[in-house]
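J.: Here it is, the structure, as structure tokens.
In our numbering, the protein residues as written are 27 to 193.
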């Protein structure tokens, strides 16, 4: 599977997958987050391929258990396997997922392919999810979870998480 390939998901399984939330950002489904690379039903068994947002992500066990439980509730048996290659990228977060993040108070990842602020000193224009201003600054590379950085808005003065761009 290449990075540009769309995930292969049986359409009949989508409603169940949409009910399984990311344990760290509960407003996002596993589909919004883009971690489901494949979900197919073969001979009564649902086979799911799950890609972690980063190696060692502690949420993977919870997601795997939640997926199995969601399908069990529907009378189906699910088998979940982790797929590490290709590595997950923030490009896989759906537009709907990015909108949900903003509404939840988390700045969605920028479309830049790398964090140029660290490498080149270029300031990221991260939009405040509270007031919409890009007059923001980095407070800490580490936010409430490993995949987020802590920013603060210089206009409304509210702190907020920024979902780090991973490619």
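Ideal Cβ positions, reconstructed from N, Cα and C, are used throughout, including at glycine. What you are looking at is a predicted structure, and each value in this text was computed from that prediction instead of being measured.
Taking just the CA atoms, how far does residue 152 sit from residue 182?
T.: If you number the chain shown from 1, residue 182 lands on position 156. If you number the chain shown from 1, residue 152 lands on position 126. If you take the alpha carbons of residue 182 and residue 152, they lie about 14 angstroms apart.
J.: Distance check for residue 104 and residue 98, CA to CA, integer angstroms please.
T.: Residue 98 sits at position 72 when you count from the first residue of the chain shown. Residue 104 sits at position 78 when you count from the first residue of the chain shown. Going from the Cα of residue 98 to the Cα of residue 104 covers about 7 angstroms.
J.: Tell me the start and end of each unbroken beta strand (DSSP E) in the region 67-100 that is at least 3 residues and wholly inside, in chain order.
T.: Listed in chain order, the complete beta strand (DSSP E) runs (minimum 3 residues) inside the region 67-100 are 71-76.
J.: Can you tell me the Cα-Cα spacing of residue 155 and residue 83, whole angstroms?
T.: Position 129 of the chain shown, counted from the first residue, corresponds to residue 155. Position 57 of the chain shown, counted from the first residue, corresponds to residue 83. Here the C-alpha atom of residue 155 lies approximately 25 angstroms from the C-alpha atom of residue 83.
J.: Within 10 angstroms of the Cβ of residue 85, are there 16 or more other Cβ atoms? Answer buried if so, exposed if not.
T.: Translated into positions along the chain shown, residue 85 becomes position 59. So residue 85 counts as buried.
J.: With DSSP as the reference, label residue 41 as helix, strand or coil.
T.: The residue given as residue 41 occupies position 15 in the chain shown. Helix.
J.: List the residues that DSSP assigns as beta-bridge partners of residue 187.
T.: Position 161 of the chain shown, counted from the start, is the residue given in the question as residue 187. Per DSSP, 132, 176.
J.: Can you give me the Cβ contacts of residue 66 inside the same chain, cut-off strictly under 7 angstroms, excluding the 5 residues immediately before and after it?
T.: For this step, residue 66 is matched to residue 40 along the chain shown. Cβ neighbours of residue 66 beyond the five flanking positions: 34, 36, 73.
J.: Just to confirm before moving on: does the CB-CB distance between residue 96 and residue 46 stay below 8 angstroms?
T.: Within the chain shown, the letter at position 70 stands for residue 96. Within the chain shown, the letter at position 20 stands for residue 46. Yes, the Cβ-Cβ distance between residue 96 and residue 46 is below 8 angstroms.
J.: What is the rounded straight-line gap between the Cα of residue 91 and the Cα of residue 110?
T.: Counting from 1 along the chain shown, the entry for residue 91 is found at position 65. Counting from 1 along the chain shown, the entry for residue 110 is found at position 84. In this structure, the straight-line span from the alpha carbon of residue 91 to that of residue 110 is close to 18 angstroms.
J.: Kindly identify the DSSP beta-bridge partner or partners of residue 103.
T.: Here residue 103 refers to the residue found at position 77 of the chain shown. Its beta-bridge partners are 71.
J.: DSSP three-state label for residue 125, please.
T.: Position 99 of the chain shown, counting from 1, holds the residue named residue 125. DSSP places residue 125 in helix when its eight states are reduced to three.
J.: If distances are taken between C-alpha atoms only, which option among 100, 107, 81 comes closest to residue 41?
T.: Position 15 of the chain shown holds residue 41. The candidate whose alpha carbon is nearest that of residue 41 is 100.
J.: Within 10 angstroms of the Cβ of residue 188, are there 16 or more other Cβ atoms? Answer buried if so, exposed if not.
T.: Stepping through the chain shown from its first residue, residue 188 is reached at position 162. Looking at its Cβ environment, which holds 16 or more other Cβ atoms inside 10 Å, residue 188 is buried.
J.: Would you mind reading off the limits of the beta strand (DSSP E) that contains residue 59?
T.: Position 33 of the chain shown, counted from the first residue, corresponds to residue 59. Where residue 59 is concerned, there is no enclosing beta strand (DSSP E), although the alpha helix (DSSP H) it sits in stretches over 56-59.
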